[in-house]
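Novice:
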Amino acid sequence: MGYWGYYVVGRGERPLVELDTLAGAAGDMTLHTSAPGGWQVWEYPGGRGDIGNMNDLARETGAPALFGYVMNSDCVVVEAASPESGAWTTCLARARMAGYLEGQREGLTLEDYFLDPSDAAERAVFWAEEAGHTASVEDLAEVLTADPGPPPLSTSLERGHPQAENLLFRLLDRLGVVPL
């Protein structure tokens, strides 16, 4: 069984869980990592309940924000927002995400829900610029089209199970937010 839950990424002088936007989930969130410039990554396992809204988080912090919802360590829904360039949504491990969507009654496809990798990479460059970083469309597109691959040997997950979380952290590295 893989990981289910959110990673909440934002920048602030105080812990993000102290902000009004994340009040509904604050008691269940733990700091995963922090990085230079006030960047914080908080983990909200399971993803049940009200995590808040990344648009509100971007407004409240005055900086770009990103939510990564990991689905069984197979794929990740990425929702991002910034005060100037707005919100966008894409996913990581697209083939696996398509598998989750196949059983939908609405008959909607991956493209109905998420930006394609090239459009998402362009939006991500603007997001990074608002964060004060320089990002490459090509490097971002590489992550947005990548397969998660097998987990590292140090993981407690069953050997051979992909870890889409790795893709999320590669994306954060390429955005200049949290170095690997």
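With my numbering, letter number 96 in the sequence shown gets 96, and the count goes up by one each step, no holes.
The beta carbon of each residue, even a glycine, is placed where N, CA and C say it ideally should be.
Tell me whether F126 sits in a helix, a strand or coil according to DSSP, three-state version.
Specialist: In this structure, F126 counts as helix in the three-state DSSP scheme.
Novice: In or out: T30 buried (at least 16 other Cβ within 10 Å) or exposed?
Specialist: Looking at its Cβ environment, which holds fewer than 16 other Cβ atoms inside 10 Å, T30 is exposed.
Novice: Just grab the DSSP bridge partners of V70 for me.
Specialist: DSSP, once it has assigned bridges, lists G5 and V76 as partnering V70.
Novice: From N72 to E60, what distance separates their C-alpha atoms?
Specialist: Roughly 30 Å between the two C-alpha positions.
Novice: Using the Cα positions of E158 and Y6, report the straight-line distance between them to the nearest angstrom.
Specialist: Any reading at E158 is ruled out, since the residue's pLDDT is 45, under 50, leaving its predicted position unreliable.
Novice: Can you have a look at P105 and say buried or exposed, based on whether 16 or more other CB atoms are within 10 angstroms of its CB?
Specialist: Checking the sequence, you will find Arg at residue 105 rather than Pro. Exposed: under 16 other Cβ atoms inside 10 Å.
Novice: Thinking C-alpha only, which one of Y100, R174 and V8 is nearest L110?
Specialist: It is Y100.
Novice: Taking buried to mean at least 16 other C-beta atoms within 10 Å of its own C-beta, is D50 buried or exposed?
Specialist: D50 should be labelled exposed.
Novice: Roughly how far, in whole angstroms, is the beta-carbon of P117 from the beta-carbon of A141, given that I think they are within contact range, below 8 Å?
Specialist: Indeed, because the Cβ distance is near 5 Å, the residues count as touching under 8 Å.
Novice: Mind listing, in chain order, the continuous beta strand (DSSP E) runs of no fewer than 3 residues lying wholly within the region 23-48?
Specialist: Fully enclosed beta strand (DSSP E) runs of 3 or longer: 30-35 and 39-45.
Novice: Tell me, which residues are paired with L92 by DSSP?
Specialist: According to DSSP, which records beta bridges pairwise, L92 is partnered with V76.
Novice: Give every residue of the same chain whose Cβ lies closer than 7 Å to the Cβ of E84, excluding the five residues on either side of it in the sequence, and list them in chain order.
Specialist: Contacts found: E130.
Novice: Hey, how far is the Cα of D112 from the Cα of A98?
Specialist: Roughly 11 Å between the two C-alpha positions.
Novice: Please state whether DSSP places R59 in a helix, a strand or coil.
Specialist: R59 falls in the helix class under three-state DSSP.
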